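To start, the structure itself, in structure tokens.
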Amino acid sequence: MERFWLVPIKEIGHFCLWWGKVVPEAIFAFTKEVLLSFEDSLQFGANLRLWLAIEPMFGDYTWSGRTVGFLIRGLRVIFTILMYCLILTGGILAIIGWIVLPFWALLKLQF
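For the sequence shown, the positions run 9 to 119 when my numbering is used.
What follows is the structure, given as structure tokens:
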């Protein structure tokens, strides 16, 4: 039989484990899921390959068609990288905010 006074200590330990490990892992998994979802819609890898191969868009094989394809795919690659950085920054800030939140709350308490 457990000692009665150990039960609250175990509960505090479970809460600290949940706060410091389980929730940040869930935030990381959500951020990863959002990144994979954006990869499906923005197709970074395909745009990068086609951009570096200077493939024309819409089957226009003239120099102007190749130039337009190069510029538009270049802008899509840059936009995709910026979106990935924004999503990663949001996930990292959410994890840091989650871990810092109790310390910030303790500082705001007025004794």
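All C-beta atoms in this analysis are idealised placements derived from N, C-alpha and C, irrespective of residue type, glycine included.
Since this is a predicted model, take the numbers as computed values, not measurements.
Residue of the options minimising C-alpha distance to residue i
i, options, result
"I62", "F52, G53, A54 and T75", "T75"
"L60", "L83, K29, T39 and H22", "L83"
"F46", "L101, L90 and H22", "L90"
"I107", "G28, C93, I17 and H22", "G28"
"L56", "A34, L79, K40 and V30", "L79"
Contact belief for residue i with residue j at Cβ below 8 Å, rounded distance in angstroms
i, j, result
"I86", "P32", "Actually they are not in contact, since the Cβ atoms of I86 and P32 sit about 30 Å apart, beyond 8 Å."
"F36", "G99", "7 Å"
"L43", "I95", "6 Å"
Exposure label - residue i; buried when at least 16 CB within 10 Å
i, result
"T97", "exposed"
"R81", "buried"
Beta-carbon proximity list for residue i, same chain, < 6 Å, skipping 5 on both sides
i, result
"T88", "L50 and F52"
"G77", "P64 and M65"
"G73", "P64"
Residues near residue i in its chain [Cβ-Cβ closer than 8 Å; skip 5 each side]
i, result
"F38", "G99"
"Y92", "L43, F46 and F52"
Proximity test, Cβ basis, 8 Å: residue i and chain C
i, result
"F52", "Reference to chain C is not applicable here, since this structure consists of a single protein chain."
Next on the checklist: Which runs of the alpha helix (DSSP H) at least 4 residues long sit entirely within the region 44–79? Give them in chain order.
Outcome noted: 52–60
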